[in-house]
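Please read the structure below before turning to the comments.
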Amino acid sequence: MPSPRRSSPSTGGRWAPALVGLVGVGGAAVATARAVRSARPSPRPDRWHAVTVDRPLEEVAAALSLSGGTSGRPSGTLGAPLVELGDEVRVDLREATGDHGTELRARAAGQAGGGPALEGRIRAALRRTRSLLETGEVAQPDDLGTTRRTLTSLPLELAIRHGREAGRL
């Protein structure tokens, strides 16, 4: 009885289908990533970013010391995160819907906007300002004091750092 023949690895008998499948999956992943990226709306330079502050409009306006009453450039100490942005940002206040506090809005002051970096700084400043107005302090993530800096703890450090930048992971 003849012994069954095995294909040698040099002929690629077993590996060819796996390689073709791997290339196909990689191509599909690249195509999907491009489709998702092109489907995202492009950021508008005149876009307002907003947070709802659980405080009355008058209290927020007084704390921010806005130059124009309910709009303008903040100068109060509780608006320090927005004050740090200087002339790059324009701030507006209005009553939140349903009598739920105040809507604090901010956007880049120039017509051309400030690009993604300024947009991220505006979002972060709004979150810090809301925290200062509502609680008097900016909440920080728990200290990882019981954790040594290791290769496995680096993803957590990265997630905490990026969560502060854009407000989402």
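Okay, so the sequence shown: first residue is 178 according to this note's numbering, each after it adds one.
Cβ coordinates follow ideal geometry from the N, Cα and C atoms, glycine included.
Per DSSP, reduced to three states, the secondary structure at LEU243 is coil, with no helix or strand assignment.
With contacts defined by Cβ atoms closer than 7 angstroms, TRP225 and ARG284 form a contacting pair. Burial state of THR279 is buried, judged by a 10 Å Cβ sphere holding 16 or more other Cβ atoms. The shortest CA-to-CA distance from ARG267 to any of THR306, SER308, ARG282 and LEU196 is the one to ARG282.
Runs of beta strand (DSSP E) with 3 or more residues, each lying fully within the stretch 253–339, are found at 266–272 and 279–285, listed in chain order. With contacts defined by Cβ atoms closer than 7 angstroms, LEU262 and PRO251 do not form a contacting pair. Under DSSP, VAL237 shares a beta bridge with no residue.
Sequence-distant partners of SER308 (beyond 5 residues in either direction) whose C-beta falls short of 8 angstroms from its own C-beta, in its chain, are GLU314, VAL315 and ALA316. Contact between LEU310 and ALA240 holds: their C-beta atoms lie close to 6 angstroms from each other, under 8 angstroms. A straight-line Cα-Cα distance of about 24 angstroms links VAL197 and VAL213. A straight-line Cα-Cα distance of about 10 angstroms links GLY204 and ALA210. Annotated as distal: THR306 and PRO233, with beta-carbon spacing of 7 angstroms or more.
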